[in-house]
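Sequence lines, in order, name chains A and B. Counting with my numbering, you get residues 2 to 259 for the letters of the first sequence. Counting with my numbering, you get residues 6 to 400 for the letters of the second sequence. Cβ atoms here follow ideal geometry from the backbone N, Cα and C, with glycine treated the same way. What follows is a single structure, written as structure tokens, with notes after it.
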Amino acid sequence: MSEAKRPRLAVWKFASCDGCQLSLLDCEDELLTLARTVEIANFPEASSAITEGPYDLSLVEGSITTAHDAGRIIKVREQSRHLVTIGACATAGGIQALRNFADVNDFISAVYASPQYISTLATSTPISAHVAVDYELRGCPINKDQLIEVISAFIAGRKPAVAAHSVCVECKRRGTVCVMVQGTPCLGPVTHAGCGAICPAYRRGCYGCYGPMETPNLASLAQQWRALGENPREIRRALQTFNAATEPFRKESEAHAD
Amino acid sequence: MPDETASVQTATAPPSKAMKAVISCDALQALIAALAADYLVLGPTVRDGAIVYEEISDLSQLPAGWKDKQDAGKYRLERREDDAIFGFAVGPHSWKRFLHPPVETLWTGRRDNDGFSIAPAAGEPRKFAFIGVRSCELHAIAIQDKVFIGSPYADVGYRARRQDAFIVAVNCAEAGGTCFCASMETGPEAKNGFDLVLTELLGEARHDFLVDVGSDAGAALLGRLPHRSASDADVAAKAAIIAQTRARMGRALETDGIKELLQSSPNHQRWDDVAARCLTCGNCTMVCPTCFCTTVEDHSDLTGNTAERVRKWDSCFTLDFSYIHGGSVRETGSSRYRQWITHKLANWIDQFGTSGCVGCGRCITWCPLGIDITEEAAAIRANPMTAAGGQHEGT
């Protein structure tokens, strides 16, 4: 591939912890190949050498929590041929979307010594609530193999091979014994695959980091959690984490009061 | 079936397919060691609170003294009061994961000066020896044989793994809480499809195994082990164990006319009832020893110079499974559960000549919600579709 034809890559940060961008830097085996295959044109987390747009592929991490960012994402979209969101913040609003369930001013006054300096929106919203998104990669954080798959797919002009079924399929493929059938509440049956089913492999229930799977039946799962002895408060808290603002998790979590 | 009179052969006669022998626990260890010279030996072992199938090299790795307590959506290991090695039913794994692996690279393609070249998946598969295959599992393997190598378009990978496999079966002395092989006529007695079959004979003064021979390879291996001819009492003990297991099935499934029953119930109201519970997670299909569906993923690397085709277990409970241009054919949970059970218990008969269900009970035990195929089939039967009843609005 000639130098002139290398696709131009940009990586953007909004409200987030930077963990998903770090997943890209964690691709140690692929990083040199990536740097040869694409021009890393704008990636402040990795390099201060920033060149102007337009960009062929923008990876966007983080959610929209300020008026400033709501304006900035529109400019990112304008400069990007393809825009892919990476991680739970960018695709679902992230853990910071817990503010959507309460009054953000209460959080501000509880957390900051000088709340008058804080200028923020009442909600945390995913990128897709503001601009058109070409692809959403789930996870908190994202899986680096899936990230390479998505980048490779966009370079090749093909569909990424990323499944939207439950975590259970990944558990069974790797031979993990189901923790839920052994009595441990697990969100795996309603959670989007992609992590490789890490938690159940270590005998813990799934935390739902990848958000809802394609056809989640939250009401049925919550009923089974009750049968396993979980109380409504625990069910609500389990659903109100990194993907709390996704419609299936939000709706079911609000059905379980203290 | 072996001739009953053969049981009085002397131990000095060379073992034949008609022979019934008795071996000790030490001889079972010798059997594992002998197989390990030529095979990857796989057998039941305790891991993560369950009995799973993994590589074993020693008798001590088998789950002696354990039993499994199973019910719909529930599985617990408990200690037995004796040291039975095979005193459990079946666990979450089936032999499918070795003969039809969950993830398999089919080929790799590389761009080169002449265009591109295609290389088959790397590495020769190791020969498998399975220890402790149950009758329902032998039937499941026979069903997958039909699927993968029963037509002119054979799956070459499966055929190689299957042809090389050495199977040591075990007659079940315990029926699990979700077992119903007696209903499906697939057990509990292993009748064919094995090289050797063991029946564990456990009493106050004995712990040994009656061995029936199912192949020349099995006879040859038995000949290398210390053994004696089985007595009439040993043979009677085996029959008593099988009769007792048959009488203790945790579940039953009425199979009379089930093909017509399900095929005439596409709009039964029960499908919505089960869909309210069903998580569409796919666990039932993953643990089923006969479910064979796969998806194929094509990957290209960053440089675009290498591509590979990977086959993975798939499930009729995913949206992608029925995706055609414009969307998925089976959007609802009711349509997906209906597809699975109707294929398994009815359409399979049209397609392959047998039921797709062997009554192992895994789909019942390992459903996180405990949805029970025997209960759902019974509910359809209890309220068959007529012009007046059983209808719903469709899916």
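Contacts between B:E302 and chain A, judged by CB atoms closer than 7 Å, involve A162 in chain order.
For B:G338, no beta strand (DSSP E) segment is defined; the enclosing uninterrupted segment is the alpha helix (DSSP H) at G338 to T347.
The Cβ atoms of B:L33 and A:Q225 do not sit closer than 8 Å to each other. In this structure, B:S21 sits away from B:V240, with a CB-CB distance that is not shorter than 8 Å. Under the Cβ criterion of 8 Å, A:K6 is not counted among the residues facing chain B. The beta carbon of B:A145 does not come within 8 Å of any beta carbon belonging to chain A, so the residue lies off that interface. A residue is called buried once 16 or more other Cβ atoms fall within 10 Å of its Cβ, and B:T191 is buried on that count. Around B:G309, the beta-carbon contacts reaching into chain A at under 7 Å are I156 and A157. Only residues of its own chain outside the window of five on either side were considered, and among them L32, E46 and A47 have a CB closer than 8 Å to the CB of A:L26, listed in chain order.
Contact holds between the region 164-178 of chain A and the region 193-211 of chain A, because three or more Cβ pairs, one in each stretch, are under 8 Å apart. Identification of residues in the region 125-157 of chain A having a C-beta nearer than 8 Å to some C-beta of chain B yields I149, E150, I152, S153, A154, I156 and A157, given in sequence order. In the displayed model, B:F322 falls within coil according to three-state DSSP, outside both helix and strand. At a cut-off of 8 Å between C-beta atoms, A:V12 does not count as an interface residue with respect to chain B. Here the alpha carbon of B:S360 sits roughly 49 Å from the alpha carbon of A:A133.
The beta carbon of A:C196 sits closer than 8 Å to those of G140, N144, V168, E171, C210 and Y211, all from its chain and outside the five residues before and after it, given in chain order. Here A:T86 has V61, T92, I128, V134 and E137 as same chain residues with Cβ atoms under 6 Å from its own Cβ, once five neighbours each way along the sequence are excluded. Contact check for B:W345 and B:C289: beta-carbon distance about 7 Å, within the 8 Å limit, so the pair qualifies. Here the alpha carbons of B:T311 and B:I37 stand approximately 42 Å from one another.
In this structure, B:F133 lies near B:F103, with their beta-carbon atoms less than 8 Å apart.
Taking 8 Å as the CB threshold, A:G197 stays off the interface with chain B. A distance of 8 Å or more separates the beta carbons of B:C141 and B:T250. A straight-line Cα-Cα distance of about 7 Å links A:F250 and A:N244. A:A165 is the residue among A:S59, A:A165 and A:L148 whose C-alpha sits nearest the C-alpha of B:S320. Secondary structure at B:H144: helix, using DSSP grouped into helix, strand and coil. Short of 7 Å from the beta carbon of A:V112, and not among the five residues preceding or following it, lies no beta carbon of its own chain. Close to chain A, meaning a Cβ-Cβ distance shorter than 7 Å, are the following residues of the region 92-123 of chain B: P97, H98, R102, P107 and V108.
Membership of B:A248 in the alpha helix (DSSP H) is indicated by the continuous run D237 to A252. About 6 Å separates the beta carbon of B:A126 from that of B:L111, a gap short enough to meet the 8 Å contact definition. Following the DSSP letters along the chain, one finds B:E59 inside the beta strand (DSSP E) bounded by residues A55 to E60.
Of B:A387, B:I369 and B:R386, the smallest CA-CA separation from B:F185 is found for B:I369.
What B:K74 touches in chain A, judged by beta-carbon distance under 8 Å, is nothing: the nearest beta carbon there is about 11 Å away.
Taking each of A:T247, A:F44, A:T67 and A:L222 in turn and checking the Cα distance to A:Y118, the smallest one comes out for A:T67. Between B:R386 and B:E265, the C-beta gap is not smaller than 8 Å, which leaves the two residues out of contact. Between B:I28 and B:H232 a beta carbon distance of about 5 Å is seen, short of the 8 Å cut, so the two are scored as contacting. For A:S59, the enclosing beta strand (DSSP E) begins and ends at Y56 to E62. At a cut-off of 8 Å between C-beta atoms, B:G287 counts as an interface residue with respect to chain A.
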